[in-house]
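All letters in the sequence shown, in the order written, are residues 1 to 218 by UniProt numbering.
C-beta atoms are modelled at their ideal positions from N, C-alpha and C, and glycine is treated no differently.
Note that this is a predicted model, so its numbers are computed, not measured.
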Amino acid sequence: MYNLLRKDLKIGVHPMFFLFPLLMGALMLIPGWIYFIVLLYFCWITVPNIFYGFRSQNDLMFTAMMPVSKKDMVKARISVIVILELLHIVIAMLYGLITTRLYTNIDYYFFKPSPGFWGLCFVMLAIFNLTLIPMYYKTAYKFGSALIVSITSAMLFAVAAQWLGIQNTKMSEIFNVTVGDHMALHSSILIAGIAIFIAFTWIAYRMAFKRFLKVEIQ
Numbered sequence: 001m002y003n004l005l006r007k008d009l010k011i012g013v014h015p016m017f018f019l020f021p022l023l024m025g026a027l028m029l030i031p032g033w034i035y036f037i038v039l040l041y042f043c044w045i046t047v048p049n050i051f052y053g054f055r056s057q058n059d060l061m062f063t064a065m066m067p068v069s070k071k072d073m074v075k076a077r078i079s080v081i082v083i084l085e086l087l088h089i090v091i092a093m094l095y096g097l098i099t100t101r102l103y104t105n106i107d108y109y110f111f112k113p114s115p116g117f118w119g120l121c122f123v124m125l126a127i128f129n130l131t132l133i134p135m136y137y138k139t140a141y142k143f144g145s146a147l148i149v150s151i152t153s154a155m156l157f158a159v160a161a162q163w164l165g166i167q168n169t170k171m172s173e174i175f176n177v178t179v180g181d182h183m184a185l186h187s188s189i190l191i192a193g194i195a196i197f198i199a200f201t202w203i204a205y206r207m208a209f210k211r212f213l214k215v216e217i218q
């Protein structure tokens, strides 16, 4: 599996997509912006282009000719997605720390880049993985409908969470005004978000592997 992962990262993923988090993460420096969009760019741009690249290279057939199992093929591909997701979110977090120190007197209307917000981002990416990966591995080739459903699901979660943060005064205060007074709650949301991300991605892997076993590679 390790060699497959190296192959995917070196051959299948264009180097631009390792620099992309630095460029998109810089959007965190916009004061008071809708910061969910920073990570949604990963769903909108990075994943579609990577999947298209693998398909144009006929990577599925090429990999199937190697002495590897379908289980390892699924593991390697999901690992690529997770690595890039973590790269995006970690770099966005670093930019978020800069933002909170640069703009100390801003009244946030949308979510402030706080630990609780990043917990919500992990949940958003967890939903994206849970819908994208199993749908994609029905064929391991066609990805259009899987992308539409997964991106829509992630966006709906972001919109719902942000809408609740605006409409609910208590939630708005906790996330945007008195973050320092609720660090225990923020830490709990972050930990829960990471746990959900791990659990959903694992479930997605198990579902994808079972579906991929039924796929005949031609």
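Using a Cβ-Cβ cutoff of less than 7 Å, which residues in the same chain neighbour residue i once the five nearest sequence positions on both sides are dropped?
i      : result
Val68  : Leu4
Lys7   : none
Phe20  : Thr46
Ile217 : Leu60, Met61 and Ala64
For the alpha helix (DSSP H) that residue i lies in, which residues bound it at each end?
i      : result
Trp118 : Pro115 to Tyr136
Phe197 : Met183 to Phe212
Pro21  : Met16 to Gly25
Leu60  : Asp59 to Ala64
Once DSSP output is grouped into helix, strand and coil, what is the label at residue i?
i           : result
Ile151      : helix
Ser172      : helix
Glu85       : helix
residue 230 : Outside the shown range of the chain (1 to 218) lies residue 230, about which nothing can therefore be said.
Thr99       : helix
Gly32       : coil
Thr46       : helix
Ser69       : coil
Tyr141      : coil
For residue i, which residues in the same chain have their Cβ closer than 6 Å to its Cβ, ignoring the five residues on either side in sequence?
i      : result
Ala146 : Leu132, Met135 and Tyr136
Phe157 : Met124 and Ile127
Arg55  : none
Leaving out five residues on either side along the sequence, give the residues of the same chain with a beta carbon under 8 Å from the beta carbon of residue i.
i      : result
Leu164 : Met171
Val13  : Ile50, Gly53, Val80 and Leu84
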